[in-house]
Amino acid sequence: MKLLIAICLVVAFASGHEPRVRGQYDPAMIVVGVQMASLKPAITCWNTLNCSIGQLESMKIRDRIEFVQFMARSKLSFLEASNQFRAVEGTMDFFVRKGIANRGTWMSYINAAVVEAIQRGAAIALGESDNTGGNPATLKWADYFDQRKLGRFMNRDAHDRAWAVAEQTAVEYGIRLANSKPDIETPTTRERRWQQFTKIYRMVMQYRRTLLWLIKMAFNFTTPGLPMASEAFLDWFTDVTDATSTGFLAEIAWTLCALGLSWDGEDPIKDLEVILGMVTEFWEAFPTSRHLDN
């Protein structure tokens, strides 16, 4: 609950102030520090889209990023989805920068389940396989890809709901799988909190229109600029084609998850200072020219 309140504070403060842009992000640079994947598969299962979760979990995070990029370039374009997993890449790049989710860890298994579901769903949609791998998110991604092929995701709200539900299903499966492994270390409190934050992200994707309606009803007459700023913020916040937003949000969540927050009486002044600092950084990273001008 405290984490949710802290996130709401960030959103509220951010939506109420005119943002400043530190620099323009290049959307072509999907993940900083990781070379763009070639069209040559590193291992056979990349090309067949049949990597087992064990194979995926044994890969370094950098290799998983390259696999997702390989799929985007060689497979997902046939499903009108070549840019639909940059948000996933942004999160994995955050793992690389922080040195977390390494092979054999709780977070690594969860991430492997996410990547597995995407590849198996794509394989089914392409007619190359009918193997779900036992991952319940596989068929949700297969349906998502089918809908994209048919051009039925012109409405962003419908698209975001389908994307969020598919990924959340994969995450929940990954958590169950990781929890069943007796040989991995118990995740830290910070790691569990961070994983909870990602669920909030997907909830915002599912209820974006409802949130915007509530903001409009509350502030349209008193602060008419706030609904517009909020919509621009949420558009950026939930843009699955932008690796920079999820990478930055992962950093914000990681910082928040390290806080005791004032109800524990640890250091409320320091907590507030950190949150206000993050609000400032938010607006320095938020690419306003891309969204507010639309």
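The sequence shown maps to residues -16 to -1, 1 to 278 in mature numbering (1 follows the signal peptide of the UniProt record, and there is no 0). In this text, a Cβ means the ideal position worked out from N, Cα and C, and glycines have one as well.
Buried versus exposed, by CB contacts within 10 Å (16 or more), residue i
i, result
"Gln180", "exposed"
"Phe51", "buried"
"Trp197", "exposed"
"Trp247", "Bear in mind that a pLDDT of 42 at Trp247, under 50, signals an unreliable position, so the number given afterwards is only what the model happens to contain. Trp247 should be labelled exposed."
"Lys24", "exposed"
"Gly38", "exposed"
"Met43", "buried"
"Arg192", "buried"
"Lys82", "exposed"
Among the options, nearest to residue i - alpha-carbon criterion
i, options, result
"Ser223", "Met91, Thr28, Ser113, Asp144", "According to the sequence displayed, residue 223 carries Asp and not Ser. Measuring from the Cα of Asp223, the nearest candidate turns out to be Asp144."
"Arg98", "Phe232, Cys35, Arg192", "The amino acid at residue 98 is misidentified as Arg; the sequence shows Val. Checked all of Phe232, Cys35, Arg192; the closest Cα to Val98 is Cys35."
"Ile45", "Ser92, Ala56, Trp30, Ser58", "Ser92"
"Tyr128", "Arg160, Arg70, Glu64, Pro166", "Glu64"
"Ser164", "Phe203, Ile94, Met212, Ile108", "Ile94"
"Glu215", "Glu41, Leu195, Gln68, Ala71", "Leu195"
"Glu41", "Met138, Phe54, Ala56, Ala96", "Ala96"
"Trp90", "Trp178, Ala234, Gln190", "Trp178"
"Leu60", "Asp77, Thr75, Arg132", "Arg132"
Residue i to residue j span [Cα, whole Å]
i, j, result
"Pro120", "Asn86", "24 Å"
"Ala106", "Leu33", "8 Å"
"Arg160", "Ala126", "22 Å"
"Asn115", "Arg104", "7 Å"
"Gly111", "Leu240", "43 Å"
"Ile27", "Ala71", "24 Å"
"Ile199", "Glu235", "26 Å"
Where residue i sits in the DSSP three-state scheme
i, result
"Phe137", "coil"
"Met163", "Correcting the residue identity first, residue 163 is Asn in this sequence and not Met. Helix."
"Leu33", "coil"
"Phe69", "coil"
"Val16", "Note that Val16 scores a pLDDT of 39, beneath 50, so its modelled location is shaky; the value from the coordinates is reported in the next line. Coil."
"Asn95", "helix"
"Arg193", "helix"
"Met43", "coil"
"Thr153", "helix"
"Ala234", "helix"
"Ala213", "helix"
"Thr225", "coil"
Pairs of beta-carbons, one from the stretch 163 to 173 and one from the stretch 140 to 151, closer than 8 Å: are there three or more?
no
Tell me whether the stretch 110 to 125 and the stretch 151 to 170 touch, counting them as touching only if at least three CB pairs, one residue from each stretch, are closer than 8 Å.
yes
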